[in-house]
Amino acid sequence: MKAEKLNSKGFSLIEAIICMAIMAILSASAVSLSGHIKYANTKKCVKELNQNLETARMASMSKAGTWQFYLYRKDGDLYYSLSTGALDRAAGTKLGGKKIKLYYTKKGESETELTNVTTSAVQIQFSKSTGAFIAKNGANIYESLRVATDTYKGYTIELIEKTGKHILK
């Protein structure tokens, strides 16, 4: 009878080890999942940016007026806007949240992060006849745009000046 009482109290060592192993597996998968969520948000953002660049290029070539494509930050979030006039920060569309970072490289310069300063914006303009990138009305020629998070290198969109093409890498 004493043997029965000893076996009915608490967990055995093997049961405790199995519970700890299961908890370790669950916590490791939770950490891995959070990394994939950041990766997915970055991927979604860069794909949307790439598509919007093509939309801006087509609008510039097919519609009347001079069109500008703007990338800017408002309240920490990343926005874009396509317009025929100056940048209207109230009329933009949200592209990514506060954790999404945008880096740009101007022709002949080093990479710079787009900050939350109200005067800071990336302005891209296309030629109406060829679709090439042009520098008019305050626009610059950019060589690349990179979308990333704090922990992930991200994706780069290479911008080809003479053709207006953009390649997602």
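First residue of the sequence shown: 7, per my numbering; consecutive thereafter. All C-beta atoms, glycine included, are put in the ideal place defined by N, C-alpha and C.
Item	Value
Is it buried or exposed, M7, if we count other Cβ atoms within 10 angstroms and call 16 or more buried?	With a pLDDT of only 47 at M7, under the threshold of 50, the placement of this residue in the model should not be trusted; the figure read from the coordinates follows. It is exposed - the Cβ of M7 has fewer than 16 other Cβ atoms within 10 Å.
Assuming S116 and Y78 form a contact by the criterion Cβ under 8 Å, report the distance between their Cβ atoms to the nearest whole angstrom.	Not confirmed; about 20 Å, so no contact.
In chain order, what are the residue ranges of uninterrupted beta strand (DSSP E) at least 3 long that sit wholly in the segment 81-152?	83-89, 99-102, 107-112, 117-119, 127-132
Can you tell me whether T162 is helix, strand or coil according to DSSP?	strand
When DSSP labels each residue in this structure, what does A154 get in the three-state scheme?	strand
Determine, using beta carbons only, whether Y148 and K175 come nearer to each other than 8 Å.	no
Could you give the DSSP three-state label for C51: helix, strand or coil?	helix
Considering only the alpha carbon of each residue, which of N146, K49, L108 lies closest to E119?	L108
Within 10 Å of its beta-carbon, does Q74 have 16 or more other beta-carbons around it, so buried, or fewer, so exposed?	buried
Buried or exposed: which applies to Q131, given that a residue is buried once 16 or more other Cβ atoms fall within 10 Å of its Cβ?	buried
Taking the straight line between their C-alpha atoms, what separation do you get for N58 and A34?	37 Å
Cutting at 6 Å between CB atoms, please list the residues of its own chain near G103, excluding the five before and the five after it.	D83
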